[in-house]
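Numbering (my numbering), first residue to last: 1 to 309.
A quick write-up on the structure given underneath.
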Amino acid sequence: MTDNPTGRVCYFNGEIIPESEAKVSFRDRGFKYGDAVFDTTRTFGHRIFRLDEHVDRLFKSLRYLQIDPALSKDEYKKITMEVLEQNLPLIESDDDYWVSQRVSRGIDSPDIDAKTESGSTIIIETLPLPLKERASLYRDGIEVVIPSIRRTSPEALSPRVKTNNYLNLIMGDLEAKSHNPKAWAVLLDANGNMCEGIGSNFFTVTDGVIKTPKDKYVLGGISRETVTELAASLDIEIVQEDIDIYDAVNADEVFLTSTSLCVCPVSTINGTTVGNGDQPGPITKALTDAYIDLVDYDFVAQYLKKLEV
Ligand code: PLP
1 MTDNPTGRVC YFNGEIIPES EAKVSFRDRG FKYGDAVFDT TRTFGHRIFR
51 LDEHVDRLFK SLRYLQIDPA LSKDEYKKIT MEVLEQNLPL IESDDDYWVS
101 QRVSRGIDSP DIDAKTESGS TIIIETLPLP LKERASLYRD GIEVVIPSIR
151 RTSPEALSPR VKTNNYLNLI MGDLEAKSHN PKAWAVLLDA NGNMCEGIGS
201 NFFTVTDGVI KTPKDKYVLG GISRETVTEL AASLDIEIVQ EDIDIYDAVN
251 ADEVFLTSTS LCVCPVSTIN GTTVGNGDQP GPITKALTDA YIDLVDYDFV
301 AQYLKKLEV
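Here is the structure:
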């Protein structure tokens, strides 16, 4: 038995064990090639958000890459809830978790002893959300920098699949942060239109219409989907279309969506102030309020509270 400093458990290839005992082989293709997929949701006030949708997206990623899920969707959901329930008592009531399923194609060697029956390596785990680290984004807005590296094009590999291979997005993020350590990268697609960030989808609001890049070019964010539903419920038009840099910097409002941030305003793009700067515009605010109502949890207050700690 090794020390398990976090106290958390995870599911690893058939059993729930202390995190420190989950050892992935160095021959695993996930480690060797990024030959793996994952999906991540979060909790709001310790309640999990849209697990069905996240597991559906996980299965689409697995299918696209021809990786054996090894378990049914119901099994993924049941195990996810078991792991979460065991780990929830470890965090404070005003903290929350990222909740992830990770599946690789498994071990790439004749060393059959270490192989699982299906071949796939499966991990289901939780990690406290970086609330304190990201809190200032709700006070100051996100500073977006557009790196020179382009988002993987659908002709190369579908950007809709949530693979472990994030190098394209990581390179973009490194480049953006070399210009501004606080920056969040939003990459352009291969045609030069605004695309997405390392864990976020991109939106503008112009003349009352919300715009976001087309499905084909981006990961179908569950938060993006949620915002699309909320816009419809608020009677705000939302369209998918190409957004170039000119349109982006001239938009009335710009925001990002992601599992951890939900909806968060963008204050600058490449140093140019956009929209209301650090203050969310009226549609960003309306969507944020509707999101808070939907999840029955004030995630903005949750983040901002961490500025005081
Ligand atoms: N785009 C990319 C490339 C991502 O990795 C993510 C999140 O993981 C998103 C967008 C946002 O998706 P979601 O809202 O499901 O977190």
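No residue lacks a Cβ here, since even glycine has one placed at the ideal position from N, Cα and C.
No experiment lies behind these values; they were computed from the predicted model shown.
Screening all residues for a C-beta within a distance smaller than 5 Å of any heavy atom in the ligand PLP leaves Glu196, Gly199, Asn201, Leu219, Gly221, Ile222, Ser223, Ser258, Thr259, in chain order. For Glu155, no alpha helix (DSSP H) run applies, since DSSP gives it neither H nor E. If only uninterrupted alpha helix (DSSP H) runs of at least 4 residues are considered, those enclosed by the stretch 97 to 171 are 131 to 134, 136 to 140.
When secondary structure is reduced to three states using DSSP, Phe38 falls in the strand class.
Between the stretch 81 to 95 and the stretch 40 to 60 there are three or more inter-stretch CB-CB distances shorter than 8 Å, so the stretches are counted as touching.
If you ignore the 5 residues before and after Gly106, its C-beta comes within less than 7 Å of the C-beta of Asp28, Arg29, Lys115, Thr116, Gly119, Ser120, Thr121, all in its own chain and listed in chain order.
DSSP places Phe299 inside the alpha helix (DSSP H), whose first and last residues are 299 to 305. Under the criterion of beta carbons closer than 8 Å, Tyr291 and Thr228 do not qualify as touching, at roughly 12 Å.
Its Cα nearest to that of Phe202, the residue Glu143 stands out among Asn164, Glu143, Tyr166. For Lys23, no alpha helix (DSSP H) encloses it, and the DSSP letter there is neither H nor E.
As for any beta strand (DSSP E) of minimum length 3 sitting wholly inside the stretch 226 to 265, the runs are 238 to 240, 253 to 258, ordered along the chain. Judged by beta-carbon spacing, Ser72 lies beyond the 8 Å limit of Val37, meaning their Cβ atoms are not closer than that value. The straight-line gap separating the alpha-carbon atoms of Lys214 and Asp95 is approximately 34 Å. If you check the CB distance, Gly199 and Leu187 do not come in under 8 Å. The beta carbons of Ile146 and Ile269 sit closer together than 8 Å. At the C-beta level, Asn87 and Val24 stay beyond 8 Å of one another.
Note that the C-beta distance between Val254 and Thr204 is below 8 Å. Residue range 194 to 196 is occupied by the beta strand (DSSP E) that includes Glu196, with no alpha helix (DSSP H) assigned at that position.
Looking at the DSSP output, Tyr11 shares a beta bridge with Ile16, Ile124. Beta bridge pairing from DSSP links Leu188 with Met194. The beta carbons of Val218 and Leu65 sit no closer together than 8 Å.
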